[in-house]
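To start, the structure itself, in structure tokens.
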Amino acid sequence: MNRILIVDDKEMMRDSVATTLARKGYTVVTAAGGRAALEKLEKRPPDVVITDLQMPEMNGIELLAEVARIDDQVPVIFMTAFGTVETAVEAMKQGAFDYITKPFSGDELLIAVERACEHGRLTRENQILKAAATPTGVRPLSARHQMIGGSMVMQHLKRRLTRIADSHGAVLITGESGSGKEVAARWIHEQSPRKDKPFLAINCAALSTNLLESELFGHEKGAFTGADRMRKGRFELADGGTLLLDEISEIAPEIQAKLLRVLQEKSFERVGSGTAREVDVRVIATTNRDLPREVASGTFRQDLYYRLNV
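Numbering of the sequence shown is given in the working numbering, commencing with residue 7 and proceeding in unit increments.
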């Protein structure tokens, strides 16, 4: 369910809004001020932020700017008293999604949140589609990528992949080029509890080390020459879903180390940032190489191999 961050210095208001949303099944996180909210945002951006406009430590307008800096796709809803409606309208011009005037009913709150969640979902889907369409090795798997055939061997394979789909660990698929590794990866995703979440694929052999790092983990504005804005990486875009790392044997040692951290700690850092971000992504890796031999030769990390070969 969508994750909502509620920011208000008044405990009674926070609890009231949180209770209304929790009863409808939303995952609720609260913060008593802007700085506490930013700590939660940096760690894991929510789907929607609901914030009071007038707060002592950091007002809503200032918080709005910080939310946009961290993740400019998170919709922000302002709670405002009648006397500050003009300020709320001005905030919408600066990027806020909506505002609701106190005192508001539970239905008013829920309608605003539902609209914000839908807006955020469409924005994320659009970004994922754009990412999948870029000529940088990231590509979608088309509808024709499906497993067909009714032979005993194929039925046995489907049953085995379905059992794998029910688990939560990383998956390593090996085989010659053209043997259907991507098709198997898509099957695992579509049979798993993550089937309604994003499925993204990236060809690790098609990108330079620096570009692959940026594509996987994203980057902050100014992280390197040409980084004129913050950009999410594939791990963030695939949050909750599955990320296929095609030809994983081709990645450089420094990327192997970062990938190992994601698998171990379920967190990563964007390029140019020192802030760890939580992520929930199932990794499926494919290769046409003999990885045990690569491990023995020292070109592929042994600990990463064991993490993938669950």
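For glycine and all other residues, C-beta sits at the position ideal for the given N, C-alpha and C. Computed from a predicted structure; not experimentally measured.
CB contact flag (residue i, residue j, <8 Å)
{"i": "THR215", "j": "GLU253", "result": "no"}
{"i": "ILE179", "j": "ILE12", "result": "no"}
{"i": "THR69", "j": "THR57", "result": "In the sequence on display, residue 69 carries Leu and not Thr. Yes, the pair counts as a contact, with Cβ atoms nearer than the cut-off."}
{"i": "SER255", "j": "ARG307", "result": "no"}
{"i": "THR231", "j": "GLN197", "result": "no"}
{"i": "VAL91", "j": "PRO52", "result": "no"}
{"i": "LEU217", "j": "LEU266", "result": "no"}
{"i": "ARG9", "j": "THR33", "result": "yes"}
{"i": "PRO204", "j": "LEU163", "result": "no"}
{"i": "LEU116", "j": "VAL23", "result": "no"}
{"i": "ARG276", "j": "GLY239", "result": "yes"}
Straight-line Cα distance separating residue j from residue i
{"i": "HIS174", "j": "ARG121", "result": "31 Å"}
{"i": "PHE103", "j": "ASP78", "result": "11 Å"}
{"i": "THR293", "j": "LEU249", "result": "14 Å"}
{"i": "VAL55", "j": "GLU131", "result": "19 Å"}
{"i": "ASP202", "j": "ASP245", "result": "12 Å"}
{"i": "ARG165", "j": "LEU44", "result": "45 Å"}
{"i": "ALA263", "j": "VAL301", "result": "14 Å"}
{"i": "ALA207", "j": "LEU251", "result": "6 Å"}
{"i": "VAL189", "j": "ALA171", "result": "13 Å"}
{"i": "GLN270", "j": "SER111", "result": "44 Å"}
{"i": "ARG75", "j": "GLY31", "result": "28 Å"}
{"i": "THR26", "j": "ALA42", "result": "22 Å"}
{"i": "ASP21", "j": "CYS123", "result": "20 Å"}
{"i": "SER303", "j": "LEU128", "result": "46 Å"}
{"i": "ASP113", "j": "VAL119", "result": "10 Å"}
{"i": "ASN209", "j": "THR305", "result": "18 Å"}
{"i": "ALA233", "j": "ILE67", "result": "26 Å"}
{"i": "ARG235", "j": "LYS272", "result": "25 Å"}
{"i": "SER318", "j": "ALA28", "result": "With the chain covering 7 to 316 only, the question about residue 318 has no answer from this structure."}
Cβ neighbour criterion (16 or more within 10 Å) applied to residue i
{"i": "GLY247", "result": "buried"}
{"i": "VAL82", "result": "buried"}
{"i": "MET85", "result": "buried"}
{"i": "PRO141", "result": "The pLDDT assigned to PRO141 is 47, lower than 50, so where the model puts this residue is not dependable, and the model offers no usable value."}
{"i": "SER183", "result": "exposed"}
{"i": "ARG283", "result": "buried"}
{"i": "LYS99", "result": "exposed"}
{"i": "MET18", "result": "exposed"}
{"i": "GLY101", "result": "exposed"}
{"i": "VAL316", "result": "exposed"}
{"i": "SER220", "result": "buried"}
Sequence-distant residues of its chain with Cβ nearer than 6 Å to residue i (five each side left out)
{"i": "TYR105", "result": "PHE84, THR86, ALA94"}
{"i": "GLY5", "result": "Residue 5 is absent from the structure shown; the chain starts at 7 and stops at 316."}
{"i": "ALA258", "result": "THR215"}
{"i": "HIS195", "result": "PHE205, THR248"}
{"i": "MET7", "result": "GLY31, TYR32, THR33"}
{"i": "GLY278", "result": "HIS225, GLU226, ALA229"}
{"i": "THR281", "result": "GLU48"}
{"i": "GLU72", "result": "LEU44"}
Spatial neighbours of residue i in its chain, beta-carbon cut-off 7 Å, leaving aside the 5 residues before and after
{"i": "PHE241", "result": "LEU222, PHE223, LEU249, VAL268, PHE274, VAL285, VAL287"}
{"i": "GLU96", "result": "none"}
{"i": "LEU237", "result": "The identity of residue 237 in the sequence shown is Arg, whereas the question assumes Leu. The answer, listed in chain order, is GLY224, HIS225."}
{"i": "LYS187", "result": "ILE179, GLY181, THR292"}
{"i": "ALA191", "result": "ILE179, LEU250, ILE290, THR292"}
Cut-off 8 Å between Cβ atoms - residues of its own chain near residue i, not counting five sequence neighbours on either side
{"i": "ASP15", "result": "ALA38, GLY39, ASP58, MET61, PRO62, GLU63"}
{"i": "LYS108", "result": "MET85, THR86, ALA87, PHE88"}
{"i": "ARG313", "result": "ALA176, LEU266, LEU269, GLN270"}
{"i": "VAL35", "result": "ARG9, ILE10, LEU11, ILE12, LYS46, PRO52"}
{"i": "PRO298", "result": "TYR311"}
contact_flag[the stretch 223-236, the stretch 51-64] where n(CB pairs < 8 Å) is 3 or more:
no
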